[in-house]
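Chemist: Mind the numbering: the sequence shown is residues 10 to 298 in my numbering, read in order.
We put the CB at the ideal spot given by N, CA and C, even for glycine.
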Amino acid sequence: MELIDGNQIAATLIAELKADIATIAGRKPCLALVRVGEDPASVSYVRKKEKTAEEIGVTSRIILPPIDISQEELFKLIDSLNADAGVDGILVQSPLPKHIDEVAVFRRVAPEKDVDGFNTINLGKVAQEDDTGFVACTPAGIMELLARSGVDLKGKHVVVLGRSLIVGKPIALLALQKRAGANGTVTICHSGTANLPALTRQADVLVAAIGRPEFVTADMVKPGAVVIDVGINRVPDATKKTGYRLTGDVHFPSVAPLTSKITPVPGGVGPMTVAMLMKNTVKAYRLRR
Ligand code: GUN
Numbered sequence: 010m011e012l013i014d015g016n017q018i019a020a021t022l023i024a025e026l027k028a029d030i031a032t033i034a035g036r037k038p039c040l041a042l043v044r045v046g047e048d049p050a051s052v053s054y055v056r057k058k059e060k061t062a063e064e065i066g067v068t069s070r071i072i073l074p075p076i077d078i079s080q081e082e083l084f085k086l087i088d089s090l091n092a093d094a095g096v097d098g099i100l101v102q103s104p105l106p107k108h109i110d111e112v113a114v115f116r117r118v119a120p121e122k123d124v125d126g127f128n129t130i131n132l133g134k135v136a137q138e139d140d141t142g143f144v145a146c147t148p149a150g151i152m153e154l155l156a157r158s159g160v161d162l163k164g165k166h167v168v169v170l171g172r173s174l175i176v177g178k179p180i181a182l183l184a185l186q187k188r189a190g191a192n193g194t195v196t197i198c199h200s201g202t203a204n205l206p207a208l209t210r211q212a213d214v215l216v217a218a219i220g221r222p223e224f225v226t227a228d229m230v231k232p233g234a235v236v237i238d239v240g241i242n243r244v245p246d247a248t249k250k251t252g253y254r255l256t257g258d259v260h261f262p263s264v265a266p267l268t269s270k271i272t273p274v275p276g277g278v279g280p281m282t283v284a285m286l287m288k289n290t291v292k293a294y295r296l297r298r
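1. Would you mind stating whether residue 154 and residue 13 have Cβ atoms separated by less than 8 Å?
2. Here's the rule: buried if 16 or more other CB atoms are within 10 angstroms of the residue's CB, otherwise exposed. What is residue 249?
3. Which residues are close to the ligand GUN, meaning CB closer than 6 Å to any heavy atom, in chain order?
4. Sort out for me which residues DSSP pairs residue 98 with in a bridge.
5. Which ranges would you report for the alpha helix (DSSP H) in the stretch 231-291 if only whole runs of at least 4 residues count?
6. Who does residue 215 pair with in a DSSP beta bridge?
7. Looking only at its own chain, which residues have a Cβ that is under 8 Å from the Cβ of residue 252, when we skip the five neighbours before and after it?
8. Compute the Euclidean distance between the alpha carbons of residue 260 and residue 227, then round it to the nearest angstrom.
9. Report yes or no: do three or more beta-carbon pairs, one from the stretch 195-202 and one from the stretch 167-175, lie closer than 8 Å?
10. Just the C-alpha distance for residue 39 and residue 289, rounded to the nearest angstrom, thanks.
11. Figure out for me which residue from 71, 93, 162, 175 has the closest Cα to the Cα of residue 111.
12. Would you grab the beta carbon distance between residue 126 and residue 144 for me? Rounded to a whole angstrom, and I think it's under 8 Å.
13. Where do the N-terminal and C-terminal ends of the beta strand (DSSP E) with residue 103 fall, by residue?
14. Give every residue of the same chain whose Cβ lies closer than 7 Å to the Cβ of residue 297, excluding the five residues on either side of it in the sequence, and list them in chain order.
15. Ordered along the chain, which non-local residues of its own chain (more than five positions away) have a Cβ less than 8 Å from that of residue 202?
16. Please list, in chain order, all residues of the same chain as residue 219 whose beta carbon is under 6 Å from its beta carbon, the five residues on each side excluded.
17. Let me know the secondary structure DSSP gives residue 70 once reduced to three states.
18. What would DSSP say about residue 154, mapped onto helix, strand or coil?
19. Cα-Cα, which of 230, 242, 150, 295 is closest to residue 263?
20. Is residue 162 helix, strand or coil by DSSP?
21. With DSSP run on the structure shown, which of helix, strand or coil describes residue 47?
22. For residue 293, count the other beta carbons within 10 Å of its own beta carbon; 16 or more makes it buried, fewer makes it exposed. Which is it?
23. Please state the DSSP three-state secondary structure of residue 202.
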């Protein structure tokens with residue numbers, strides 16, 4: 010078993026981006042980060058995005074509307090960022106409060122500033138294999154992790170566990186694309202799939218993105234499979250200073266010894282998401298110049 014080190018691969022990418030940004034004269038790329046409310050995971054993710062931006066020379070603008078902001082007001086805020094010539098990328102952190110239609114908000118972000126890749130146009134471009142768009146950061150990060158760990162999906166059975174807009178659907182489309190590193194045979198499963206273990210056991214590459222702590226157990230994994238754990242779950246743990254521990258969607262202690270390669274949580278997919286966000290922001294900046 011080999012651990013796929015997301016921290017190390019993301020650090021390489023970040024260093025490449027930093028060197029690239031250093032060559033830019035004048036105005037630097039600018040990323041607007043919108044966080045509504047105080048969801049603890051969102052607070053920590055947005056802080057991490059802000060810190061990484063600063064580290065590589067991307068300007069960030071943090072916008073923290075009140076938790077009771079109306080959908081209309083949030084639309085107005087996004088419209089103003091869309092129209093702002095000094096802003097290259099816009100990210101609205103998910104989850105949003107329940108009174109707001111999240112997908113409508115994602116649609117409101119101008120496609121050319123949609124560094125999250127959740128806008129209809131950019132999701133459509135993934136389906137059309139059109140590289141002028143933005144690929145959602147977590148799925149893009151997974152493809153990069155696989156490529157940089159020497160995993161070619163060609164001819165492999167890729168089983169995606171989870172059908173979210175943020176991970177499940179776009180990673181399935183990417184794995185399926187007709188291009189080097191991809192060309193996988195893809196099955197998408199979810200919480201309603203009958204006889205799930207029989208399907209996941211067929212996976213040469215298993216992508217777990219179902220959002221349930223330690224859901225994937227040893228009986229669900231084929232020996233020698235590559236396992237990508239996208240989950241970041243906070244599980245109460247009184248022995249920790251924070252009162253919780255982070256765990257993935259995979260029961261790591263029993264599954265890892267079976268695998269040929271596996272991503273840990275934390276330190277696997279998570280750091281890649283942030284690196285790809287920075288990559289998308291630089292791409293948006295260059296496309297708008
Ligand atoms: N919440 C969890 N992952 C993401 C992401 O990639 N982008 C945004 N905007 N919110 C998220």
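Modeler: In terms of the structure at hand:
1. In this structure, residue 13 lies closer than 8 Å to residue 154 by Cβ.
2. exposed
3. 100, 101, 102, 103, 125, 146, 147, 175, 282
4. 40
5. 261-264
6. 168, 236
7. 245, 246
8. Rounded to whole angstroms, the separation of the alpha carbons of residue 227 and residue 260 is 8 Å.
9. yes
10. 11 Å
11. 175
12. Contact flag correct, Cβ pair sits at about 5 Å.
13. Per DSSP, residue 103 belongs to no beta strand (DSSP E) and is neither H nor E.
14. 97, 121
15. 208
16. 170, 171, 258
17. strand
18. helix
19. If you compare the alpha carbons of 230, 242, 150, 295 with that of residue 263, the shortest gap goes to 230.
20. coil
21. coil
22. buried
23. coil
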